[in-house]
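*Asks:* I have a structure here, written as structure tokens, and I will follow up with some questions on it.
Numbering (our numbering), first residue to last: 187 to 530.
Here it is as structure tokens:
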């Protein structure tokens with residue numbers, strides 16, 4: 187069928203040979219389009235950028251540079267400065283006595299029983315949260331993107347959905363904690379009145395934390411993933427979808443044979459961002475009492491903070507964070523390479 191050939195990147199049908207006049211007209215249109223984008227012909231067949239195109243490139247870099255500079259100053263530089271600390275027994279920043287311990291901090295997760303008792307349960311809880319959060323964010327984001335695509339892009343509706351991302355994670359966490367307070371939470375009372383719950387959800391239990399944390403993080407980041415998925419949907423040629431509709435393809439057929447296959451780059455990008463973001467969740471955990479009263483919300487990010495600033499084992503906390511961060515970098519690089527292969 188025509189729409190399947192279009193979706194797979196093939197020609198819709200065998201076209202008749204163009205006339206010489208038609209070829210000339212097409213070449214002129216192509217040349218005019220390239221000139222309009224700032225691409226000028228050059229001797230040797232290599233295109234040259236016009237002054238307008240160079241100016242646009244400089245403007246793009248001017249917009250990028252502030253964020254790039256801040257990222258280097260606040261992320262890369264502290265990371266480089268922290269490398270020597272990993273091989274010491276530094277307990278706090280103003281520690282008067284610092285000793286070199288070699289690779290002891292790096293092997294502690296395998297040899298130190300006290301570190302294992304802290305790290306392994308936090309790692310288990312983090313993996314469970316990542317799986318639940320990944321599923322929640324994907325379902326929310328993809329459903330909203332498909333809804334926006336079908337009803338037509340609406341700026342106001344998009345803003346309302348994207349707005350929770352602008353709210354502080356700490357504020358979202360406190361708001362969710364109040365809604366699901368065991369005795370007085372309005373969400374608990376409503377669900378019990380509707381008969382959906384027999385007893386109120388206790389957010390300080392393992393089950394309550396596992397329910398509420400992915401729900402509020404997924405609600406907050408659903409708009410971000412919606413934007414990623416929506417960009418993938420908008421990149422699909424309209425002719426492909428129109429051909430599918432004319433051929434009588436159902437919505438499920440369009441979804442599985444056109445939308446999803448051409449959205450793979452968006453899926454991989456959303457997966458990368460979701461995995462990295464899930465491991466870095468912190469504010470919402472603080473709001474759920476992870477630092478003091480709720481050990482069920484003590485994920486790895488809280489453990490690193492606890493080691494660095496509460497029990498004053500700064501070097502150990504930084505080492506554990508690095509050992510957890512490096513595998514995530516490898517996963518992210520692998521996903522980005524897969525995205526480039528699927529895209530090009």
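Beta carbons: idealized from backbone N, C-alpha and C, even for Gly.
For the alpha helix (DSSP H) that contains residue 455, what are its first and last residues?
*Replies:* Residues 450–465.
*Asks:* Can you look up residue 522 in the DSSP assignment and give me helix, strand or coil?
*Replies:* Three-state result, residue 522: helix.
*Asks:* Quick test of your reading: residue 356 and residue 435, contact by CB under 8 angstroms. State the CB separation rounded to the nearest angstrom.
*Replies:* 47 angstroms between Cβ atoms; not a contact.
*Asks:* Report yes or no: do the stretch 320–339 and the stretch 361–375 share at least 3 C-beta pairs separated by less than 8 angstroms?
*Replies:* Flag = no, the stretch 320–339 and the stretch 361–375 do not touch.
*Asks:* With a threshold of 16 other CB atoms inside 10 Å of the CB of residue 433, please say whether the residue is buried or exposed.
*Replies:* With fewer than 16 other Cβ atoms within 10 Å, it is exposed.
*Asks:* Can you tell me which residues form a DSSP beta bridge with residue 286?
*Replies:* Beta-bridge pairing links residue 286 to 274.
*Asks:* Which one of 277, 404 and 241 has the shortest CA to CA distance from residue 460?
*Replies:* Comparing Cα positions, the closest option is 404.
*Asks:* At the level of alpha carbons, what is the spacing between residue 345 and residue 411?
*Replies:* For residue 345 and residue 411, the distance between alpha carbons rounds to 13 angstroms.
*Asks:* Would you call residue 325 buried or exposed, if buried means 16 or more other Cβ atoms sit within 10 Å of its Cβ?
*Replies:* With fewer than 16 Cβ atoms within 10 Å of its Cβ, residue 325 is classed as exposed.
*Asks:* Our contact map puts residue 419 next to residue 445 with C-beta atoms below 8 angstroms; I'd like the distance itself, whole angstroms only.
*Replies:* About 6 angstroms separates the two Cβ atoms, so the contact holds.
*Asks:* How many Å lie between residue 286 and residue 481 at the Cα?
*Replies:* Roughly 32 angstroms separates the two Cα atoms.
*Asks:* Tell me, please, whether the CB atom of residue 250 is closer than 8 angstroms to any CB atom in chain C?
*Replies:* Going by chain labels, chain C is absent from the structure shown, which holds only one protein chain.
*Asks:* What residue from 519, 502 and 383 has the CA that sits closest to residue 457's CA?
*Replies:* Cα-wise, what sits closest to residue 457 is 519.
*Asks:* Excluding the five sequence neighbours on either side, which residues of its own chain have a C-beta within less than 6 angstroms of the C-beta of residue 202, listed in chain order?
*Replies:* Reliability of the predicted coordinates at residue 202 is poor, the pLDDT of 44 falling under 50, and no value is obtained from them.
*Asks:* Judging by CA-CA distance, which residue of 274, 400 and 409 is the nearest neighbour of residue 317?
*Replies:* The residue with the shortest Cα to Cα distance from residue 317 is 400.
*Asks:* Taking the alpha-carbon positions, what's the residue 199 to residue 322 distance?
*Replies:* Interpretation of residue 199 is limited by its pLDDT of 47, a score under 50 that renders its predicted location unreliable; the figure taken from the coordinates is listed afterwards. So the alpha carbons of these two residues sit roughly 41 angstroms apart.
*Asks:* Closer than 7 angstroms to a non-hydrogen atom of the ligand GTP - does that hold for the CB of residue 381?
*Replies:* What this structure holds is no ligand at all, so the ligand GTP is not there to describe.
*Asks:* Taking the alpha-carbon positions, what's the residue 514 to residue 463 distance?
*Replies:* Rounded to whole angstroms, residue 514 to residue 463 spans 11 angstroms at the Cα level.
*Asks:* For the stretch 270–279 against the stretch 495–513, do three or more pairs of beta-carbon atoms, one drawn from each stretch, fall closer than 8 angstroms, so that the two count as touching?
*Replies:* Touching, yes.
*Asks:* As a quick exercise: from 349, 350, 386 and 347, pick the residue whose alpha carbon is nearest that of residue 531.
*Replies:* Since the first and last residues shown for the chain are 187 and 530, residue 531 lies out of range.
*Asks:* Would you identify the three-state DSSP class for residue 417, choosing helix, strand or coil?
*Replies:* Three-state DSSP puts residue 417 in a helix.
*Asks:* What number of angstroms, rounded off, separates the C-alpha of residue 491 from the C-alpha of residue 292?
*Replies:* Their backbone Cα atoms lie some 17 angstroms apart in a straight line.
*Asks:* Give the list of continuous alpha helix (DSSP H) stretches no shorter than 4 residues that lie fully inside the stretch 325–391.
*Replies:* Qualifying alpha helix (DSSP H) stretches, in chain order: 341–348, 355–365 and 372–379.
*Asks:* Within 10 angstroms of its Cβ, does residue 466 collect 16 or more other Cβ (buried), or is it exposed?
*Replies:* Exposed: under 16 other Cβ atoms inside 10 Å.
*Asks:* Since residue 506 and residue 305 are thought to touch, with beta carbons under 8 angstroms apart, how far apart are those beta carbons, to the nearest angstrom?
*Replies:* Indeed, because the Cβ distance is near 6 angstroms, the residues count as touching under 8 angstroms.
*Asks:* I'd like the list of long-range same chain contacts for residue 262, defined as Cβ closer than 8 angstroms, with 5 residues on each side in sequence excluded.
*Replies:* Excluding sequence neighbours, residue 262 sits near nothing in its chain.
*Asks:* In three-state terms, what does DSSP make of residue 291?
*Replies:* Helix at residue 291.
*Asks:* Identify whether residue 496 lies in helix, strand or coil by the three-state DSSP scheme.
*Replies:* Three-state DSSP puts residue 496 in coil, outside helix and strand.
*Asks:* Return the residue from the list 416, 241, 438 and 384 that minimises the CA-CA distance to residue 338.
*Replies:* Comparing Cα-Cα distances from residue 338 to each of 416, 241, 438 and 384, the minimum goes to 416.
*Asks:* Just curious, the alpha helix (DSSP H) that residue 426 is in, first and last residue?
*Replies:* Its alpha helix (DSSP H) spans residues 424–432.
*Asks:* Kindly indicate the opening and closing residues of the alpha helix (DSSP H) around residue 437.
*Replies:* Residue 437 -> alpha helix (DSSP H) spans 437–440.
*Asks:* Buried or exposed, going by whether 16 or more other CB atoms sit within 10 Å of the CB of residue 448?
*Replies:* Per the 10 Å Cβ criterion, buried.
*Asks:* Verify whether the separation of the beta carbon atoms of residue 358 and residue 406 is less than 8 angstroms.
*Replies:* Yes, Cβ-Cβ distance for residue 358 and residue 406 is below 8 angstroms.
*Asks:* Roughly how many whole angstroms lie between the Cα atoms of residue 454 and residue 521?
*Replies:* Each residue's alpha carbon lies about 6 angstroms from the other.
*Asks:* Taking DSSP as the reference, what is the three-state secondary structure of residue 475?
*Replies:* In the structure shown, residue 475 sits in coil (DSSP, three-state: anything other than H, G, I, E or B).
*Asks:* For residue 402 and residue 437, I'd like the C-alpha separation in whole angstroms.
*Replies:* Answer to the nearest angstrom: the Cα atoms are 30 angstroms apart.
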